[in-house]
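Quick look at the structure:
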């Protein structure tokens, strides 16, 4: 069976139907590059390698879905934690911190050696003033108060290959005509 | 720019595909099957520092998470639900919590359908502990009411004595545009394109 136009969409040779445009336009992925990267107190640290250029968005009303996880470990002997922020860049706006979990969104009270997965999920709009410019995104981390933390950990029996360093950053460009948002505004 | 066209095997789009190493793979792309994802709706629970309090088995609706996905496009479709929030224990004592999912159709009403359990994320009185709590759930179209609209909600349930908060406000956070340190999303997924390993059944 050939692909056919129907009154409501497309029918493909395998019999599957599409009646809407694809919700996801583009998907780019990377892995933070510095194994055992330490986070600082008082400053936002770029998580090395976690920058993705998504190019020019297809439409001004599109959004980006950004997800990050990393394996972390406290290296100090006091209470402490960390959190992750998303930065957005266009040539005209420069780099802006746009969403942030807070600097101890993942925190422990001097438990001794503590390993865990830290995660973040964010939906970010196309820049409302510069929708025709290329958009890039970065992840930053910051610790609080001063317990040493490492991200993208090397751990006994891990198997980090092909540039995957025990962490992953994903960015999707989402079709704003197909993806509905619940009371979200742009910025 | 060349136009899109129907081919014998699919639809050819004029867009260039770039490969993962930054090079150009092909000058056009051809879609040969329907989209795997039919619809996406997303939001953020509305109550900052929503209390997760009470004894074991206490539970409640996570404010602002109700999502109407409309009528599914096919009865064999599934929904992928994802909720993430920043949680914090607000008292001493041991305790934990977990995420529940409810589904609604007009004929079925609201049904409690999946739950992580009341201490899926738990600590044994370790002092102050913040963490991202995540849940991913795959839920079928209601087998008896596939032509009705489907809605979903997230609930919390907790265990033991320590009280908690979710959607937490935290120093140096940047909550804006109704993003309240949590994110949920619901994808309607094309049942012709997504296949489980055979272990998931409908309900």
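Protein chains in written order, with the numbering used here: chain A, 27 to 213; chain B, 16 to 218.
Glycine is no exception: its CB is placed at the ideal position from the N, C-alpha and C atoms.
query: The beta strand (DSSP E) with residue 148/B in it runs from where to where?
result: Unbroken beta strand (DSSP E) run through residue 148/B: 145-155.
query: Looking at the structure shown, is residue 202/B part of a helix, part of a strand, or coil, going by DSSP?
result: In the structure shown, residue 202/B sits in a strand (DSSP, three-state: E or B).
message: Quick check on the burial criterion: 16 or more other C-beta atoms within 10 angstroms. Buried or exposed for residue 168/A?
response: It counts as buried.
message: Between the alpha carbons of residue 152/A and residue 36/A, how many angstroms are there, rounded?
response: Residue 152/A and residue 36/A have their C-alpha atoms some 29 angstroms from each other.
message: Relative to the C-alpha of residue 158/B, which candidate in 97/B, 22/B and 122/B has its C-alpha closest?
response: If we check each option's Cα against that of residue 158/B, 122/B comes out closest.
- request: State the CB to CB distance for the pair residue 145/B and residue 131/A, rounded to an integer number of angstroms; the pair is presumed to be in contact (CB under 8 angstroms).
  value: Yes, residue 145/B and residue 131/A are in contact; Cβ-Cβ is about 6 angstroms, under 8 angstroms.
query: Leaving out the 5 sequence neighbours to the left and right, which residues in its chain are closer than 7 angstroms to residue 195/B when beta-carbon positions are compared?
result: Listed in chain order, the non-local C-beta contacts of residue 195/B below 7 angstroms within the same chain comprise 59, 60, 61, 63 and 182, local neighbours out to five positions each way being set aside.
- prompt: Can you name, in chain order, every residue of its own chain whose Cβ lies under 6 angstroms from the Cβ of residue 133/A, other than the five neighbours on each side?
  reply: So the list reads 107, once near-sequence residues are dropped.
message: Give me the chain B residues within the contact set of residue 130/A, using Cβ-Cβ distance strictly less than 8 angstroms, ordered along the chain.
response: Here the neighbours are 145, 185 and 186.
- prompt: So, using beta-carbon positions, are residue 94/B and residue 171/B closer together than 8 angstroms?
  reply: No, these two residues do not count as a Cβ contact at 8 angstroms.
field: Reduced DSSP secondary structure (H/G/I, E/B, other) of residue 132/A
entry: Three-state DSSP puts residue 132/A in a strand.
message: Excluding the 5 residues flanking residue 173/B on each side, which residues of the same chain have their C-beta closer than 6 angstroms to its C-beta?
response: Result list for residue 173/B: 67, 73, 112 and 133, in chain order.
message: At the 8 angstroms Cβ level, is residue 144/A part of the contact set with chain B, yes or no?
response: It does; some Cβ of chain B falls within 8 angstroms.
query: Does residue 48/A get closer than 8 angstroms to chain B when you measure Cβ to Cβ?
result: It does: the Cβ of residue 48/A has a partner Cβ on chain B nearer than 8 angstroms.
field: Rounded C-alpha distance that separates residue 201/A from residue 189/A
entry: Between the alpha carbons of residue 201/A and residue 189/A lies a distance of about 29 angstroms.
query: Nearest to residue 88/A by alpha carbon, out of 144/A, 160/A, 29/A and 68/A?
result: Closest by C-alpha distance to residue 88/A, out of 144/A, 160/A, 29/A and 68/A, is 160/A.
message: Is residue 198/B close to chain A? Criterion is C-beta to C-beta, closer than 8 angstroms.
response: Yes, contact with chain A.
Which of helix, strand or coil DSSP assigns to residue 214/B: Reduced to three states, the DSSP call for residue 214/B is coil.
- request: Spell out the partners DSSP gives residue 97/A in its beta bridges.
  value: Answer by DSSP bridge pairing, in chain order: 143/A.
Under 9 angstroms from the C-beta of residue 212/A: neighbouring residues of chain B: Neighbours of residue 212/A on chain B, chain order: 192.
Of the residues 149/A, 175/A, 173/A and 170/A, the one placed nearest residue 163/A, counting alpha carbons only: Per the Cα distances, 149/A.
- request: For residue 209/A, return the contacting residues in chain B, with the cut-off set at a CB-CB distance below 7 angstroms.
  value: Those are 58 and 193, listed as they occur along chain B.
- prompt: Where residue 143/A and residue 21/B are concerned, what is the direct C-alpha to C-alpha distance, given to the nearest angstrom?
  reply: Rounded to the nearest whole angstrom, the CA to CA distance from residue 143/A to residue 21/B is 46 angstroms.
message: residue 177/A and residue 92/A - do their beta-carbons sit closer together than 8 angstroms?
response: Going by C-beta atoms, residue 92/A is not nearer than 8 angstroms to residue 177/A.
message: Within 8 angstroms of any Cβ in chain A, is that where the Cβ of residue 105/B sits?
response: Under the Cβ distance rule, residue 105/B does not count among the residues neighbouring chain A, no pair being separated by less than 8 angstroms.
message: If you follow the beta strand (DSSP E) that residue 116/A is in, where does it begin and where does it stop?
response: It spans 106-116 - the beta strand (DSSP E) in which residue 116/A sits, taken as one unbroken run.
Exposure of residue 168/B, with buried meaning 16 or more beta-carbon neighbours within 10 Å: Counting of Cβ neighbours within 10 angstroms places residue 168/B among the buried residues, the total reaching 16 or more.
- prompt: Does any C-beta atom of chain A lie closer than 8 angstroms to the C-beta of residue 77/B?
  reply: Taking a beta-carbon distance threshold of 8 angstroms, residue 77/B does not count as an interface residue toward chain A.
- prompt: What span of residues does the beta strand (DSSP E) with residue 185/B cover, start to end?
  reply: It is not in any beta strand (DSSP E) - residue 185/B carries neither H nor E in the DSSP assignment.
- prompt: Measuring CB to CB, does residue 56/A end up less than 8 angstroms from residue 75/A?
  reply: Cβ distance < 8 angstroms, so residue 56/A and residue 75/A count as in contact.
message: Please return the same chain residues whose Cβ sits closer than 7 angstroms to the Cβ of residue 63/A, not counting the five positions on each side in sequence.
response: Cβ neighbours of residue 63/A beyond the five flanking positions: 73, 74, 176, 177 and 178.
message: To the nearest angstrom, how far is the alpha carbon of residue 51/B from that of residue 205/B?
response: Using only the alpha carbons, I get a separation of about 5 angstroms.
query: So what does DSSP say about residue 137/A, is it helix, strand or coil?
result: DSSP, read as helix, strand or coil, puts residue 137/A in coil.
- request: In angstroms with no decimal places, state the Cα-to-Cα distance between residue 148/B and residue 81/B.
  value: Residue 81/B has its alpha-carbon roughly 19 angstroms from the corresponding atom of residue 148/B.
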